[in-house]
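I have placed the structure first, in the form of structure tokens, so that the comments after it can refer back to it.
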Amino acid sequence: MTTPDITTGPFRLAVARGQDWKEVAKRCLDDLGAIGGANIGFIYVTDALVDDLGSILTLLRGITGIEDWVGSVGIGIVAGSEEILAEPALTLMVGHLPVGSFQLFRRDSDGFGEISSDTMPVADWLTGRHAVAAVIHGDPRDEDLPRLIMDTAADTEAFLVGGLSSSRVALKQVAGKIIEQGVSGVFFDENVSIATGLTQGCTPVSPARPITECEDNVIMTVEGRPALEVFKEDIAETLSGSEEQTEAHVFAALPVSGSDTGDYLVRNILGVDNERGWIAISEEVEEGQLLQFVQRNTYAAMADMEQMLRRLKERMPEPRGALYFSCMARGENMFGPDSAEVRAITDIFGEIPMAGIFANGEISHDRLYTHTGILMLFG
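When we follow our numbering, the leftmost residue of the sequence shown carries the number 1, and every step to the right adds one.
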């Protein structure tokens, strides 16, 4: 039987495990089969193979003829209905998009950079086009990361979806070549049908209140009262147990201004000053900004995810492929073994080609999130 040309079919997915990168790449290529017409590829590796990522990319470009590859490294990767962690693995997803409908990019503090001499500059591609969405990966070590994300969204008006590289060793991204700083990815214009959704991993345990005194990431008062006093009152009825248990399950949350879905950014509580009643969190804040506290909750997280998936199903009943970016604190750490998180996706959409990573921070629109899962569907 002849394998159909990918030009008219869905994306195609392959995954392989093993220490030998050449053997792993070969098995993936064999499983992909005929990919005539494919012009874009997504590549994700677990960190055990990150040192070989450049070699894998060179091999893939040479054999497939696909020049435009986008991807990153993760503590764990998503491959169809599987979550693969703690072992060397590679997943590839290739497909065909309308010619000229997408553009690879990389960006650092100096602005958009050149991918290669034969790749169109981003500014030229944007001329006369509207970038409606983008897949974006980033380096969690970059101090300019939040600004890079916001500027990329603002400059292009694209809705960004992606995640930060996560690794116990090297941190690498792929955008036509190996990228080791800033952000990178691929823009899509209106000729690519896309739907996106975000699901939270934490549940609010307090109302949102204004910060009335702060400096950098230290919150002194909330509604004119010591921040620590407010915090203890808010969580008193919600959690019981040791201080260590509380620290592991309760986080600060900053509601997103203008969100019509009650969206919020979850941030770690870094420390408290018991004498002065101050709280330090992992984000700089401003007076007047709203603050609430949230709790890590497995059951609520799965319920929120299922609700998000049902909404997406109404918007795009039969996607051709998908990318999923989940916080590395989710997956088996939150939902248990047997790939329960990604199987929730395939329970709704079926066994669609899907790739992605467990990230060190997730990106949606123009913001950096944590404890979330972010899904992009291709129609």
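Cβ coordinates follow ideal geometry from the N, Cα and C atoms, glycine included.
Bear in mind that the values here come from a model prediction, so they are computed numbers and not experimental data.
In this structure, A131 sits near D189, with a CB-CB distance shorter than 9 angstroms. With fewer than 16 other Cβ atoms inside 10 Å of its own Cβ, I63 counts as exposed. Bounds of any alpha helix (DSSP H) do not take in S326; it lies within the beta strand (DSSP E) bounded by 321 to 327.
Put simply, the backbone Cα of G54 is about 11 angstroms away from that of I43. For R320, the closest of M93, D20, R17, V45 by C-alpha to C-alpha distance is M93.
Taking the C-beta atoms as reference points, I66 is found no nearer than 9 angstroms to G100.
For G138, the closest C-alpha among the options I77, S72, V192, G76 is that of S72. As the crow flies, the alpha-carbon of G185 is around 6 angstroms from that of A175.
Counting other Cβ atoms within 10 Å of its Cβ, A38 reaches 16 or more and is therefore classed as buried. For A131, the three-state secondary structure derived from DSSP is coil. Put simply, of E82, F105, T119, M120 the residue whose alpha carbon is nearest the alpha carbon of I149 is F105.
Here T58 is exposed: its Cβ has fewer than 16 other Cβ atoms, across all protein chains shown, within 10 Å. In the DSSP assignment, Q307 falls outside any beta strand (DSSP E) and within the unbroken alpha helix (DSSP H) covering 298 to 315.
Taking each of H365, E213, A16, A227 in turn and checking the Cα distance to G288, the smallest one comes out for E213. The way I'd put it, the segment 325 to 336 does touch the segment 76 to 85; three or more beta-carbon pairs between them come closer than 8 angstroms.
Comparing alpha carbon positions, the residue from L228, D142, L160, V50 closest to V169 is V50. Shown here, H96 sits in coil according to DSSP, grouped into three states, outside any helix or strand. Comparing C-alpha distances from E351 to each of S167, L323, W21, G76 shows the shortest one belongs to L323. In the DSSP annotation of this structure, the continuous segment of the alpha helix (DSSP H) that includes R27 starts and ends at 21 to 32. In the DSSP assignment, V78 falls within the beta strand (DSSP E) that extends over 76 to 79. Apart from sequence neighbours up to five positions away, the residues of its chain that approach T203 with a beta-carbon distance below 7 angstroms are V294, Q295, N297, A300, ordered along the chain. Residue pairing for R267: DSSP places it in a beta bridge opposite A252. Take the alpha-carbon of L145 and the one of L164: they are about 10 angstroms apart. DSSP lists F187 as the beta-bridge partner residues of Q103. In the three-state scheme derived from DSSP, where H, G and I count as helix and E and B as strand, E229 is classed as helix. Annotation: the continuous beta strand (DSSP E) that includes M220 extends over 218 to 222. One alpha carbon belongs to K232, the other to A303, and they sit about 27 angstroms apart.
A distance below 9 angstroms separates the beta carbons of V256 and R367. According to DSSP, T199 shares a beta bridge with G373. Ranking G74, T156, I56, D52 by CA distance to the CA of Q103 puts T156 first. Assignment of F335 by DSSP, reduced to helix, strand and coil, places it in the helix class. At a Cβ-Cβ threshold of 9 angstroms, L309 and L375 count as neighbours. The residues V222, in chain order, have a CB closer than 6 angstroms to that of V230 in the same chain once the five nearest residues on each side in sequence are set aside. Around the Cβ of Q200, a 10 Å sphere holds 16 or more other Cβ atoms; the residue is buried.
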